[in-house]
Amino acid sequence: MEALGLPCLSISRGYWNLRRRASKEISLGRKCTSYSFSQRINPCYRTHYSSRSIVRMVVNESEEVEVRQMKEMSEARKRWEALIRDEKIKVLTPKEAGYAIQLSNTTLLDVRPGTEYSKARVKGSKWIPIFDVDKTLDAGNISKKITNFVMGGWWSGVPVLSYNNEFISKVEELFPKDTDLIVVCQKGLRSLAACEQLYNAGYRNLFWVQGGLESAEEGDFERKGPEPFLFAGIGGLSEFLGWTDQQRVAAANEGWSYRLVFSARLVGLVLLADGLFLGAQQIGSFLQDMKSP
């Protein structure tokens, strides 16, 4: 949700331990009562709480945030649909966008984060990310990065993104309000959010690439970068092992030689894990021998 400019799920330190305890309570058939957020704690007093009450507070707080995020996302989709329905934002397929760029020199504005842009980009496009990788290292952001990694970032490779507060100002520096702008991202969602902001800023000739670069054929645009457009949005361990949907599509076209590479990686990873496990056992035995008289 944070990647769409909506509030991120704020999870306090120790959340996962508390969540596991809550799950254990539920599995034992214990009912967790709701926590009223109007009951604020005065920090001037020292109050003792049981671990069970803390679990209820954290779990219910996270559920409340998730419900609010879903509501905000639903409202955003309604606004975007209205902009398209009223033709304030025109819709193009990737192929149509490619023709427009070639025949009329229309500007393609790429709003993806830098991690995706560096892998594959359209030659001649302008890059101004609406969300980019958050590189700040304050305590709150480090907590976000840890939470993102634990919640699946290690598998998907998706980094923590933050809204680019200079997005509109940077677009205005490059393009007058009457410029024809084709706006694109990887899958089409962030570019639609960018179109809404640009329309609100006074741009009236906006074209949205439906499905994003991920749905483009290699011949639709002139590509620069080391990866196909299809692979620009993947990463993490899933990419390394070839277990993403995009790589499965490629494997169906490439044949057994493509699958063999990722099978070899999987075998190598298993052997590495076994080696580390056996090594840890040997070190443990060695330390026990040193302690024994």
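Residues 1 to 293 (the UniProt record's numbering) make up the sequence shown, in order.
Every residue, glycine too, gets a C-beta built ideally from N, C-alpha and C.
{"query": "Would Ile84 and Val91 qualify as a contact pair, given that the criterion is a beta-carbon distance under 8 Å?", "result": "yes"}
{"query": "According to DSSP, is Ile182 helix, strand or coil?", "result": "strand"}
{"query": "Report the partner residues of Val122 according to the DSSP bridge assignment.", "result": "Arg223"}
{"query": "Given a threshold of 16 other Cβ atoms within 10 Å of its Cβ, counted over all protein chains shown, does Phe277 qualify as buried or as exposed?", "result": "exposed"}
{"query": "Starting from the Cα of Glu239, find the closest Cα among Thr147, Gly153 and Val111 and give me that residue.", "result": "Gly153"}
{"query": "On the CB-based measure, 16 or more other CB atoms within 10 Å of its CB, does Lys144 come out buried or exposed?", "result": "buried"}
{"query": "When burial is assigned at 16 or more other CB atoms within 10 Å of the CB, is Leu264 buried or exposed?", "result": "For the sequence presented, residue 264 should be read as Ala rather than Leu. Classification for Ala264: exposed."}
{"query": "When the Cα atoms are used, what is the spatial distance from Arg190 to Leu271?", "result": "40 Å"}
{"query": "Mind the definition here: the segment 237-254 touches the segment 118-130 only if three or more C-beta pairs lie below 8 Å; say whether that holds.", "result": "no"}
{"query": "Beta-carbon within less than 8 Å of Ser156's beta-carbon, same chain only, minus the 5 sequence neighbours each way: which residues are those?", "result": "Ile234, Gly235, Gly236 and Ser238"}
{"query": "Report the rounded CA-to-CA distance for Gly268 versus Glu254, giving the unit in angstroms.", "result": "22 Å"}
{"query": "Roughly how far, in whole angstroms, is the beta-carbon of Val133 from the beta-carbon of Leu161, given that I think they are within contact range, below 8 Å?", "result": "6 Å"}
{"query": "Compute the distance between the beta-carbons of Phe221 and Leu181, then report whether it is under 8 Å.", "result": "no"}
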